[in-house]
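Below: the structure, in structure tokens.
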Amino acid sequence: MDREKKVAVLAGDGIGPEIMAEAVKVLKAAEAAFGFRLKYEYADVGGCAIDCHGHALPPETLALCEASDAILFGAVGGPKWECLPPDQQPERAALLPLRKHFDLFCNLRPSRVFPALVEASPLRPDIVGDGFDILCIRELTSGIYFGRPKGREGQGADERAFDTMSYTRREIERIARKAFEIARLRRKKVTSIDKANVLTTMVLWRQVVTEVSRDYPDVQLNHMYIDNASMQLIRDPHQFDVLLCGNMFGDILSDQCAMMTGSMGLLASASINESNFGLYEPAGGSAPDIAGKGIANPIAQILSAAMMLRHSFGLEAAALAIERAVEETIAAGVLTRDIARDPRKAVGTAQMGDAVASRIRA
Ligand code: NAI
Ligand code: MG
1205 MDREKKVAVL AGDGIGPEIM AEAVKVLKAA EAAFGFRLKY EYADVGGCAI
1255 DCHGHALPPE TLALCEASDA ILFGAVGGPK WECLPPDQQP ERAALLPLRK
1305 HFDLFCNLRP SRVFPALVEA SPLRPDIVGD GFDILCIREL TSGIYFGRPK
1355 GREGQGADER AFDTMSYTRR EIERIARKAF EIARLRRKKV TSIDKANVLT
1405 TMVLWRQVVT EVSRDYPDVQ LNHMYIDNAS MQLIRDPHQF DVLLCGNMFG
1455 DILSDQCAMM TGSMGLLASA SINESNFGLY EPAGGSAPDI AGKGIANPIA
1505 QILSAAMMLR HSFGLEAAAL AIERAVEETI AAGVLTRDIA RDPRKAVGTA
1555 QMGDAVASRI RA
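Residues 1205 to 1566 in our numbering are what the sequence shown spells out, letter by letter.
Written out as structure tokens, the structure is:
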């Protein structure tokens, strides 16, 4: 890494600050072990920012993000702010503007079952095997959720509502390139999800993905219809490495993949843009029911930090080391209450972070 990278740390509300402290602890252990330097700068976001600054994403927080190389995001929201109008709610008023402002079009959702936690998966043991590892890549800023026109018109039985699914060649090309590049860091297999048999948009999708694949001859590409993919995921998750999806299909499949692990508290995510600036966050929320008790599982936040090292900073070895340390910690039976088989033996948030950090130092 050429220079010291700056991380905007937005811990947010509820368990956010608790799990963030452990992610930073683990990052510092990785810095020492791998000889790189990060600079952490903290800012308010979400409900706590509403309380202190009157807005979920204050200008000074946005300015810090702009001056940083990546955002490490905790979680926002809670009962205290649920009475606010929808567009001022912490999640909507903080995350959506960040995604839009930084053009974070590429959403990464890893779905991984650790060998020691195969029992948590709702799938049959012979299907889970010793665990699976799928990365769902979802286009996040276009497709049917944003296409125009959309609206409602007419009355009575003829009243109709409509949305538009639209993708430009440029939009497909950039998400496809990300998928192939990321597949190169993994098992080099991309499954592109579409519905090219009925949707014109998806005919273009398949065509452009195929064209882009010619620049990545070392990566295997296959195409699968969304409905078949949904079945194949349950039948044999091991056949997949990277799933490449448009916005709507990715929304659905990424949740299906998440649920197949059975351990929601372990799921990391990333949203990145063309220059590999990214926002990294756990899939879960602010968990107000357990906030302040020191029992939240920090693993999703720690794995999100590992993704930041990989995708924004190109520190693959350090990212892998964190992921391996997490896997070893879990295999050693160091588990927080949400994943422990015997709650009496569960460890707290800080102990879990300590266990991962000490394995990286070792
Ligand atoms: P949640 O994910 O916060 O909690 C759901 C359940 O999972 C709770 O029982 C919670 O204790 C548990 N849980 C979540 N993360 C955990 C962890 N790291 N360790 C152990 N247990 C964990 O979802 P919920 O209850 O629907 O939302 C709570 C608040 O969080 C709401 O205000 C919601 O708007 C917000 N939220 C924020 C998100 C974000 O910041 N990206 C995402 C989802 C929800
Ligand atoms: Mg969804």
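Even glycine gets a Cβ: it sits at the ideal position worked out from N, Cα and C.
**Prompt:** Is the CB-CB distance between L1448 and V1394 below 9 Å?
**Reply:** The residue you call residue 1448 lines up with position 244 of the sequence shown. The residue you call residue 1394 lines up with position 190 of the sequence shown. Going by C-beta atoms, L1448 is nearer than 9 Å to V1394.
**Item:** Close Cβ partners of N1480 (< 7 Å) along its chain, the five nearest in sequence each way excluded
**Value:** The residue given as residue 1480 occupies position 276 in the sequence shown. Excluding positions up to five away in sequence, the list reads H1515, S1516.
**Message:** If I measure Cβ to Cβ from E1235 and keep anything under 7 Å in the same chain, skipping five residues before and after, which residues do I get?
**Reply:** Start at 1 with the first residue of the sequence shown, and residue 1235 comes out as number 31. Counting only Cβ-Cβ distances below 7 Å, and skipping sequence neighbours, we find R1241, L1242.
**Asked** D1334 by DSSP, collapsed to three states: which one?
**Response** Mapped onto the sequence shown, residue 1334 falls at position 130. Here D1334 sits in coil by DSSP.
**Request:** Report yes if the C-beta of G1469 is less than 8 Å from at least one heavy atom of the ligand NAI; otherwise report no.
**Result:** Looking up residue 1469 in the sequence shown gives position 265. At least one heavy atom of the ligand NAI is nearer than 8 Å to the Cβ of G1469, so yes.
**Prompt:** Cβ of Y1371 within 9 Å of Cβ of D1455?
**Reply:** Locating residue 1371 in the sequence shown gives position 167, where the first residue counts as 1. Locating residue 1455 in the sequence shown gives position 251, where the first residue counts as 1. Going by C-beta atoms, Y1371 is not nearer than 9 Å to D1455.
**Request:** Select from R1373, D1398, P1441, A1536 the residue whose C-alpha is nearest the C-alpha of D1330.
**Result:** Along the sequence shown, one-based indexing puts residue 1330 at 126. Of the listed residues, the one whose Cα sits closest to D1330 is P1441.
**Prompt:** Cβ of T1465 versus every heavy atom of the ligand NAI: is any distance shorter than 8 Å?
**Reply:** Stepping through the sequence shown from its first residue, residue 1465 is reached at position 261. For the ligand NAI, not one heavy atom lies less than 8 Å from the Cβ of T1465.
**Message:** Quick check: the region 1317-1328 against the region 1280-1298, are at least 3 beta-carbon pairs closer than 8 Å?
**Reply:** no
**Item:** N1432 burial status per 10 Å Cβ neighbour count (16 or more: buried)
**Value:** Numbered from its first residue, the sequence shown carries residue 1432 at position 228. So N1432 ends up on the exposed side.
**Request:** Have a look at I1534 and A1500 and give me their C-alpha separation to the nearest angstrom.
**Result:** Locating residue 1534 in the sequence shown gives position 330, where the first residue counts as 1. Locating residue 1500 in the sequence shown gives position 296, where the first residue counts as 1. Cα to Cα, the separation comes out at about 15 Å.
**Asked** Does the region 1462-1474 come close enough to the region 1486-1498 to have 3 or more Cβ pairs within less than 8 Å?
**Response** yes
**Asked** CB of G1547 to nearest heavy atom of the ligand NAI: below 8 Å?
**Response** Position 343 of the sequence shown holds residue 1547. Rather than Gly, the amino acid found at residue 1547 in this sequence is Pro. P1547: no, Cβ never under 8 Å from the ligand NAI.
**Prompt:** Leaving out five residues before and five after L1389 in sequence, what residues of the same chain have Cβ atoms less than 6 Å from its Cβ?
**Reply:** Locating residue 1389 in the sequence shown gives position 185, where the first residue counts as 1. The answer is none, since no qualifying residue turns up.
**Item:** Close-in-space but distant-in-sequence residues of the same chain around R1410 (CB under 8 Å, 5 per side omitted)
**Value:** Reading the sequence shown from its first residue, position 206 is the one you call residue 1410. Around R1410: S1396, D1398, A1400, H1427.
**Residues sharing a beta bridge with I1476, DSSP** = Here the question's residue 1476 lines up with position 272 in the sequence shown. DSSP output for I1476 lists C1310, G1482 as bridge partner(s).
**Prompt:** At a cut-off of 8 Å, is L1299 close to the ligand NAI when judged by its beta-carbon and the heavy atoms of the ligand?
**Reply:** Taking the sequence shown and counting its residues from 1, the one referred to as residue 1299 is at position 95. Result yes, Cβ under 8 Å from the ligand NAI.
**Asked** Helix, strand or coil for L1389 per DSSP?
**Response** Taking the first residue of the sequence shown as position 1, residue 1389 is located at position 185. Reduced to three states, the DSSP call for L1389 is coil.
**Message:** Measuring straight from C-alpha to C-alpha, what distance separates R1364 and C1310?
**Reply:** For the purposes of this step, residue 1364 is taken as the residue at position 160 of the sequence shown. For the purposes of this step, residue 1310 is taken as the residue at position 106 of the sequence shown. Straight-line Cα distance between these residues: approximately 32 Å.
**Request:** Spatial neighbours of I1576 within its chain, please: CB distance less than 6 Å, with the 5 preceding and 5 following residues excluded, ordered by chain position.
**Result:** No answer is possible for residue 1576: it lies beyond the span of the chain, which begins at 1205 and ends at 1566.
**Asked** Under the DSSP definition of a beta bridge, which residues are partnered with R1364?
**Response** As a working mapping, residue 1364 is identified with position 160 in the sequence shown. Beta-bridge pairing links R1364 to E1357.
**Message:** Distance check for Y1246 and C1256, CA to CA, integer angstroms please.
**Reply:** On the sequence shown, residue 1256 is found 52 positions in, with the first residue counted as 1. On the sequence shown, residue 1246 is found 42 positions in, with the first residue counted as 1. Approximately 14 Å between the Cα atoms of the pair.
**Request:** Return the chain-ordered list of same chain residues with a C-beta closer than 6 Å to the C-beta of M1556, the five sequence neighbours on each side being excluded.
**Result:** As a first step, residue 1556 is located in the sequence shown; it is residue number 352 there, counting from the start. P1502, T1540.
**Request:** Report the option in P1421, L1268, S1315 whose CA atom is closest to the CA atom of K1210.
**Result:** Counted from its first residue, the sequence shown places residue 1210 at position 6. Per the Cα distances, L1268.
**Message:** Which complete alpha helix (DSSP H) runs does the region 1389-1442 hold, if anything under 4 residues is left out?
**Reply:** 1404-1417, 1430-1439
**Request:** Taking S1434 as the reference, give the member of V1416, D1459, F1336 with the closest Cα.
**Result:** Taking the first residue of the sequence shown as 1, we reach residue 1434 at position 230. That would be D1459, whose Cα lies nearest to the Cα of S1434.
**Request:** Alpha carbon to alpha carbon, how far is R1391 from V1560? Give it in angstroms, no decimals.
**Result:** Here residue 1560 refers to the residue found at position 356 when the sequence shown is read from its first residue. Here residue 1391 refers to the residue found at position 187 when the sequence shown is read from its first residue. Distance between the alpha carbons of V1560 and R1391 is about 25 Å.
**Request:** Give a yes or no on whether the C-beta atoms belonging to T1345 and R1303 are separated by under 9 Å.
**Result:** Mapped onto the sequence shown, residue 1345 falls at position 141. Mapped onto the sequence shown, residue 1303 falls at position 99. Yes, the pair counts as a contact, with Cβ atoms nearer than the cut-off.
**Asked** Would you say the beta carbon of Q1150 comes nearer than 8 Å to a heavy atom of the ligand NAI?
**Response** Absent from the structure is residue 1150, since the part of the chain shown begins at 1205 and ends at 1566.
**Message:** Just to confirm my understanding: we take F1318, look at its own chain, exclude 5 residues before and 5 after, and list those with CB closer than 7 Å. What are they?
**Reply:** Indexing the sequence shown from 1 puts residue 1318 at position 114. Excluding positions up to five away in sequence, the list reads G1335, E1531, I1534.
**Prompt:** Once you ignore the five residues that flank R1316 on each side, which residues in its own chain have a CB closer than 6 Å to its CB?
**Reply:** Walking along the sequence shown from the start, residue 1316 turns up at place 112. Cβ neighbours of R1316 beyond the five flanking positions: D1337.
**Message:** With DSSP as the reference, identify every bridge partner of A1297, one or two as the case may be.
**Reply:** On the sequence shown, position 93 is the one that residue 1297 refers to. According to DSSP, which records beta bridges pairwise, A1297 is partnered with nothing at all.
**Message:** In the DSSP assignment, the beta strand (DSSP E) including A1279 goes from what residue to what residue?
**Reply:** Taking the sequence shown and counting its residues from 1, the one referred to as residue 1279 is at position 75. 1274-1279 is the extent of the beta strand (DSSP E) around A1279.
**Prompt:** Which class does Y1244 belong to by DSSP, given the choice of helix, strand or coil?
**Reply:** Position 40 of the sequence shown, counted from the first residue, corresponds to residue 1244. Y1244 falls in the strand class under three-state DSSP.
**Item:** V1317: first and last residue of the uninterrupted beta strand (DSSP E) it sits in
**Value:** Residue 1317 sits at position 113 when you count from the first residue of the sequence shown. Neither: V1317 is in no beta strand (DSSP E) and is coded neither H nor E.
**Message:** When you compare the CB positions of D1445 and A1523, do they come within less than 9 Å of one another, or not?
**Reply:** Here residue 1445 is taken as the residue at index 241 of the sequence shown, counted from 1. Here residue 1523 is taken as the residue at index 319 of the sequence shown, counted from 1. Cβ distance not < 9 Å, so D1445 and A1523 don't count as in contact.
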